[in-house]
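Line by line, the protein sequences are chains U and C. The first sequence begins at 152 in our numbering and counts up one residue at a time. The second sequence begins at 462 in our numbering and counts up one residue at a time. Where a beta carbon is used, it is the ideal one built from N, C-alpha and C, also for glycine. Below: one structure, written as structure tokens.
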Amino acid sequence: MAFEDEQLVLRSVEGDAEAFGKLVERYQDAVYATAYYYAGRYGAAEDIAQETFLNAYRALPRLKERDRFGPWLKAIACRTAANWLRRHLKKIRNETPLPFRRTVSIEDAREGPRGRLERSERYERVQMAIDSLPERCRLPVVLRYLQELSYREISGFTGESEEEIRGILYRAGRQLRDVLADLNESEGESRWHRVRR
Amino acid sequence: MASCAQVERLIQAYVDGELTQSDRVIFEQHVVQCPTCEVLLHKHRQMCADLFETFSEERLQHSLVPQIIEHLPEMEQERADVQTINLRAKHITSRWTRMARLVPAAVLVVLLILAVTIVSQWPETWGNGSDVIGVVTHCAGAVRSSMYASESREAVTVRAFVKCGERFETGPDSALMLTLAGPTQLKVNSDTRVKLCNDRRVSVESGEIWCDVGRDGRLFRVNTPTGDITVFGTAFEVSVRDGKTVVTVEQGRVQVENELAFREVEPGEQVDLVIGQSALVAREVDVATEVAWANKITPDVAAKAFFEREILTRGSTELPAEQVFVVITNRDDRPRSVKSIYLEWAPDDHPANHTGYDIYVSDDYMRPLFKEHISGRTFANKRTSAYEVATPDKPISGVNVLHIKIVPDFRGGEIQTSFTKVSALGI
């Protein structure tokens, strides 16, 4: 996979838009999740992801280790997200973070005000639980649970080995299990299960 | 059977579907038999499901590829467009103001044209440049030059340029005079082989030269097979014959040294430099007869004028002279014994190409005590910023003040080091 990245990067540098499109396809989930991790509460993840890829395209000729495109892209994504946050600092200070801002959908209406509130609460709890993890664990957790990346894809993006990712997610999972144990006690079963059935 | 602790470590990877075939079999076998782990697995699965569900609405719903590809080619274009639009929109300007904005660009263009013109009109002789260090101002008899020892020798003519690294060979009954940037006059007697390393460094293989060194406070060095002469502006003669170097000083002072010792030579004195001699003894001589040959060589008037026009106006490579430190070695009016000299410097960023340094140590009355050489590699090593020079033989005693002169040798490289502190270590 890394070898293919290298080929695609080389072709992109020469101006092959299709090759760059392949790279976007391969990494959009990871970049989007990273953007979400930094600024998702303000609904900017998609904008930041797009900006990240445009920044990366511009900087591509300066990429030295072409076989490490993933970690390089991750660094750009982090920087782009940080810049976005700095630019919008004034605006977002007065803004209510998601999901409270989300407009009421038909489904929400069906569930009634109570169901909607529960969802918001659940979302808040999950966010807090992730924020309470050691910093090193947070991004892999978001990559895993937001975009369902495989361990291999996560490792290719963060630059850590697959074994390290395995360890990180294990430790994070253990902590999250304890913190979120009572999340569904009132409901008994999560709706996800219901849907699957 | 695997222990519960081992199984617990596999639980996340199992839920994520990232276990190997064999690990999965072990895990599943254990869970079937162990109710505790079954409950744990259930809880863990629940937690993962909750996370997935919570995030489900935030998930990226569609591919970003089309939007990004659409924006790629016009990326730069778009920016420029926005800028021009903004310029026009914000400021309604007169034609003159708009013209005035072009002034910086116009100035650049004019400067560029000027630069191109100057370069193309520049005298041809300047062409291959910076390595020209002087001009041949007198030439009589068979004189030949080459850039490398192995190269074929070419005949020398008056007004030819002298380049860095050029070698000159004079035959019997011939004479050569070079005027180098400085200005330094260099007269070469017959049967002499001399190499000009640069405008401040001359190497004499054999024969006789006379130098009048430009008095601009910079270091001038003459190397011979049996010793070195260091000058800070003076006139003197060096003759290399029969395995020894004879240095005669006409004006000023020079410092002579062989591999063991060094000393200063005053006007009217002559010193022999022989390999292995530890005491350099000066004797009085009649300088006029010694340098009579040199007085016969006079520069060609036209060549001298040519030199002044072409070389003198140019700056030459600056080689700063020595650094001198005075270290007081007495306490309560009693001299203390010194066993070594400790030099400290500020390390620089250059990885290599440092010049080495010669350290000359003299006493209160400038009588030489000893000398030492520090290799350029010492300064290239960034971990060291100090060097201890031990006194040879035995500690120095009975001296109130040490004069320590530090002179670059420029043999290994060009990068100089500035010494920050020099101190004496006692016993």
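Test: residue i CB closer than 9 Å to a CB of chain U
i, result
"Thr515 (chain C)", "yes"
"Asp484 (chain C)", "no"
"Lys504 (chain C)", "yes"
"His532 (chain C)", "yes"
"Gln473 (chain C)", "yes"
"Cys498 (chain C)", "no"
"Cys495 (chain C)", "no"
"Cys465 (chain C)", "no"
"Glu469 (chain C)", "yes"
"Val476 (chain C)", "yes"
"Glu630 (chain C)", "no"
"Glu489 (chain C)", "no"
Cutoff 9 Å: residue i Cβ touching any chain C Cβ
i, result
"Asp180 (chain U)", "yes"
"Gly307 (chain U)", "no"
"Gln158 (chain U)", "no"
"Ala210 (chain U)", "no"
"Tyr183 (chain U)", "yes"
"Gly221 (chain U)", "no"
"Val164 (chain U)", "no"
"Ser312 (chain U)", "no"
"Tyr189 (chain U)", "no"
"Tyr193 (chain U)", "no"
"Leu161 (chain U)", "no"
"Glu155 (chain U)", "no"
"Ala168 (chain U)", "yes"
"Ala196 (chain U)", "yes"
"Ala232 (chain U)", "no"
"Leu214 (chain U)", "no"
"Ala228 (chain U)", "no"
"Glu176 (chain U)", "yes"
"Arg238 (chain U)", "no"
"Leu148 (chain U)", "Outside the shown range of chain U (152 to 348) lies residue 148 (chain U), about which nothing can therefore be said."
Residue(s) in a DSSP beta bridge with residue i
i, result
"Pro869 (chain C)", "C:Tyr818"
"Met638 (chain C)", "C:His599 and C:Lys648"
"Cys672 (chain C)", "C:Leu647 and C:Phe697"
"Glu615 (chain C)", "C:Ser606"
"Lys882 (chain C)", "C:Glu805"
"Ser954 (chain C)", "Nothing about residue 954 (chain C) can be reported from this structure: the residues present for chain C run from 462 to 888 only."
"Thr691 (chain C)", "C:Arg682 and C:Gln716"
"Ala847 (chain C)", "C:Glu805"
"Gly172 (chain U)", "Beta-bridge pairing links Gly172 (chain U) to no other residue."
"Leu734 (chain C)", "C:Thr706"
Coarse secondary structure for residue i, derived from DSSP in three states
i, result
"His503 (chain C)", "helix"
"Cys465 (chain C)", "helix"
"Asp180 (chain U)", "helix"
"Met536 (chain C)", "Confidence is the limiting factor: at Met536 (chain C) the pLDDT is only 45, short of 50, which leaves the residue's position unreliable, though a coordinate-based value still follows. Of the three classes helix, strand and coil, the one that applies to Met536 (chain C) here is helix, per DSSP."
"Met508 (chain C)", "helix"
"Asp198 (chain U)", "helix"
"Lys215 (chain U)", "coil"
"Val568 (chain C)", "helix"
"Tyr826 (chain C)", "coil"
"Gly191 (chain U)", "helix"
"Arg628 (chain C)", "strand"
"Leu290 (chain U)", "helix"
"Leu575 (chain C)", "helix"
"Asp477 (chain C)", "coil"
"Leu471 (chain C)", "helix"
"Gly887 (chain C)", "strand"
Nonlocal neighbours in the same chain, by C-beta distance under 6 Å from residue i, ignoring five residues either side
i, result
"Thr691 (chain C)", "Arg682 and Gln716"
"Glu202 (chain U)", "Thr231"
"Asp824 (chain C)", "Leu830 and Val860"
"Cys509 (chain C)", "Val476"
"Ser607 (chain C)", "Arg614 and Arg628"
"Ser739 (chain C)", "Leu721 and Ala722"
"Asp853 (chain C)", "Going by the sequence as given, residue 853 (chain C) is Pro instead of Asp. Closer than 6 Å at Cβ, skipping near neighbours: Phe831."
Any non-hydrogen atom of the ligand GDP closer than 8 Å to residue i Cβ
i, result
"Arg614 (chain C)", "For the ligand GDP, the structure offers nothing, since it holds no ligand at all."
Residues of its chain near residue i, where Cβ-Cβ distance is below 7 Å and the 5 sequence neighbours each way are ignored
i, result
"Phe697 (chain C)", "Cys672, Val708, Thr709, Val710, Glu711 and Val715"
"Arg470 (chain C)", "none"
"Ile487 (chain C)", "Ala463"
"Arg900 (chain C)", "Because residue 900 (chain C) is not part of the residues shown, which for chain C are 462 to 888, the question remains open."
Sequence-distant residues of its chain with Cβ nearer than 8 Å to residue i (five each side left out)
i, result
"Ile316 (chain U)", "Pro291, Tyr302, Ile305, Ser306 and Thr309"
task = Using a Cβ-Cβ cut-off of less than 7 Å, give me the residues of the segment 517–531 of chain C that come near chain U, in sequence order.
result = Glu519, Arg520, Leu521, Ser524, Leu525, Val526, Gln528, Ile529 and Ile530
task = Please list the residues of the segment 284–300 of chain U that have a C-beta atom closer than 9 Å to any C-beta atom in chain C, keeping them in chain order.
result = Val292, Val293, Arg295, Tyr296, Leu297, Gln298 and Glu299
message = Short of 7 Å Cβ to Cβ, which residues in the segment 314–330 of chain U face chain C?
response = Arg317, Leu320, Tyr321, Gly324, Leu327 and Arg328
task = Could you please tell me which residues of the segment 646–674 of chain C, in chain order, have their CB closer than 8 Å to any CB of chain U?
result = none
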